[in-house]
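Student:
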Amino acid sequence: MIAGIKVEEEIIRDLEREIWTIVENLDKQVEFHLDDDHVLWQDTMLVVPNDASLREALLTEAHSSPFLVHPGSTKMYHDLKQ
1 MIAGIKVEEE IIRDLEREIW TIVENLDKQV EFHLDDDHVL WQDTMLVVPN DASLREALLT
61 EAHSSPFLVH PGSTKMYHDL KQ
């Protein structure tokens, strides 16, 4: 899902600079790692720089994804009731 997220070019450049700063220090901070798709993780959490516009873009894209499944409370209530 992360690969499908589109972000503005300048945000990507800023993100890459921040990520590579962390990557260069991976030997000092063992809880960080890159996966096979070059996505940075801290233990099991996705690392997203503290950039409001980037975070908003990621959340907007993730929440508008056709793959997002989040039943409303009414549906969940009826499913549990059965």
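Heads up, the sequence shown is in UniProt numbering, so the first residue is 1 and it goes up one at a time.
Backbone N, C-alpha and C fix where the C-beta goes; we use that ideal spot for every residue, glycine too.
Can you give me the Cβ contacts of D43 inside the same chain, cut-off strictly under 8 Å, excluding the 5 residues immediately before and after it?
Tutor: Only E31 meet the Cβ criterion.
Student: Buried or exposed: which applies to M1, given that a residue is buried once 16 or more other Cβ atoms fall within 10 Å of its Cβ?
Tutor: No answer about M1 holds up, because its pLDDT of 48 lies below 50 and its placement is not dependable.
Student: Taking buried to mean at least 16 other C-beta atoms within 10 Å of its own C-beta, is L26 buried or exposed?
Tutor: That one is exposed.
Student: Return yes when the Cβ of S64 is within less than 8 Å of the Cβ of I11, no when it is not.
Tutor: No. Outside cutoff.
Student: Counting only the same chain and skipping the five closest in sequence on each side, list residues whose C-beta sits under 8 Å from that of D35.
Tutor: Within the same chain, D35 has close Cβ partners W41.
Student: For a test of the three-state rule: what should DSSP assign to L40, helix, strand or coil?
Tutor: Correct three-state label for L40: strand.
Student: Comparing alpha-carbon positions, which option in T60, E8, D51 and K28 lies nearest E18?
Tutor: Closest option to E18, Cα to Cα, is D51.
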